[in-house]
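These notes concern the structure reproduced below.
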Amino acid sequence: MSSFFHLPSSLILILLICGGCAHQPVDSHGEELKQLQSTLAQQEVQGKRVEERQDQLLSHIQQIQSQLLEQQKLIEAKPQVIEKITQVACPPLPAEKQPAKSKEQPNTDKQIVGLRERVLLTGVNLIMSAKVSPQLAHSILDARNIQMFERNSDEWVRFTLYNPENKEPHVLERKLLSFQNIQGANKATERRPIVEVRFTVGKLTQKGQFVLADRSGSEFPIVLGRNLLRDVMLVDVSGEYMTSIKREEKDAREENKKSETKEKTE
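Note that our numbering has the sequence shown beginning at 4, numbered continuously upward.
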């Protein structure tokens, strides 16, 4: 140890320099090796990523090729389908529907009526709705304030008819013909007078026998039964309001009033 310190200073310096130079190459190569290993690892990771990307692109390309192939098959097959369709015979067109012909009225002198009609009561010049009921034996007229009285030793009936449009009352007097038992609103049998009244339906004007009864709760003030329909009217059960009606002219009303006055004095 003592001999080391007695060496010349120049020799000691040379030894130190040589010792440092001997260790420096080993440390430098170690660092480079680590850097190379790190770079290789990164390149390996990047290489795997590139391979995965290439696999994805290849799969996508294969899908596109498959779709193109399917479309090509459809394009090639389409003309054949069209050819088959054109070879199929077209079904015949359905016959055009002819417009329904209006119901022809039978050739008859009788008045054709529906199940609902309008009736003109001549003399008082009132138009009322009527229900046509072939199954009913007698006809009915809506009458109020029915009173029996005697004239020239005969029984007469005084009653009131109301105008459906304005509720104006019209008092009539007619000779009593007979009585008819009918069922009232309370289902009790009622004895009702029968009188003769002139009326018009369509082209038909005549006198007819009506049972007088209160029909204020009914839609139809008049019911035309078999006694008025027989021999002069034909009923079309599928029709309604098949006739036209208009009010009397003044001269006709005056003539009817004269006829009624003559009946009263006889």
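Every residue gets a Cβ at the ideal spot worked out from N, C-alpha and C, and that includes glycine.
Would you list the residues sitting across from residue i in a DSSP beta bridge?
i: Asn189; result: DSSP, once it has assigned bridges, lists no residue as partnering Asn189.
i: Phe162; result: Leu175
i: Gln212; result: Glu199
i: Asp217; result: Its beta-bridge partners do not exist; DSSP assigns none.
i: Phe152; result: Trp159
i: Ile225; result: Ala133, Leu144
i: Val204; result: Leu207
i: Leu237; result: Ile115
Go through its chain and collect everything with a Cβ distance to residue i's Cβ below 7 Å, but skip five positions before and after it.
i: Asp157; result: Lys178
i: Phe223; result: Ser132, Ala133, Lys134
i: Ser206; result: Per the sequence shown, the amino acid found at residue 206 is Lys instead of Ser. Result list for Lys206: Gln114, in chain order.
i: Arg195; result: Phe182, Gln183, Ile185, Val214, Leu215, Ala216
i: Thr111; result: Leu237
i: Arg161; result: Gln150, Phe152, Val174, Glu176
i: Gly33; result: none
i: Gln65; result: none
How close, in whole Å, do the beta carbons of residue i and residue j come, if the pair is a contact with beta carbons under 8 Å?
i: Ala146; j: Ala216; result: 7 Å
i: Leu123; j: Phe213; result: That belief does not hold up - the Cβ atoms of Leu123 and Phe213 are roughly 14 Å apart, past 8 Å.
i: Glu153; j: Leu180; result: Glu153 to Leu180, Cβ: 15 Å. No contact.
i: Thr125; j: Thr192; result: The pair is not a contact, with the Cβ atoms about 32 Å apart (cut-off 8 Å).
If you run the structure through DSSP and keep just helix, strand and coil, what is residue i?
i: Ile115; result: strand
i: Ser69; result: helix
i: Ala140; result: coil
i: Ile197; result: strand
i: Asp157; result: strand
i: Leu180; result: coil
i: Ile130; result: strand
i: Asn230; result: helix
i: Glu243; result: coil
i: Arg52; result: helix
i: Glu120; result: strand
i: Ile248; result: coil
i: Thr125; result: coil
i: Lys170; result: coil
Could you name the residues of the same chain whose beta carbon sits closer than 8 Å to that of residue i, not counting the 5 residues immediately before and after it, in chain order?
i: Arg119; result: Ser132, Ala133, Lys134, Val135, Phe223, Glu243, Tyr244
i: Ser247; result: Gly205
i: Ser142; result: Gly211, Gln212, Phe213, Val214, Ile225, Val226, Leu227, Gly228, Asn230, Leu231
By Cβ distance, which residues of its chain are closer than 6 Å to residue i, with the 5 residues on each side in sequence left out?
i: Tyr165; result: Pro172
i: Asn148; result: Thr163
- Quick check: the stretch 151-165 against the stretch 233-242, are there 3 or more CB pairs under 8 Å? Too few Cβ pairs lie closer than 8 Å, so no.
- Message: Does the structure place the stretch 241-249 close enough to the stretch 164-183 that three or more beta carbon pairs sit under 8 Å?
- Response: Verdict: no, contact absent.
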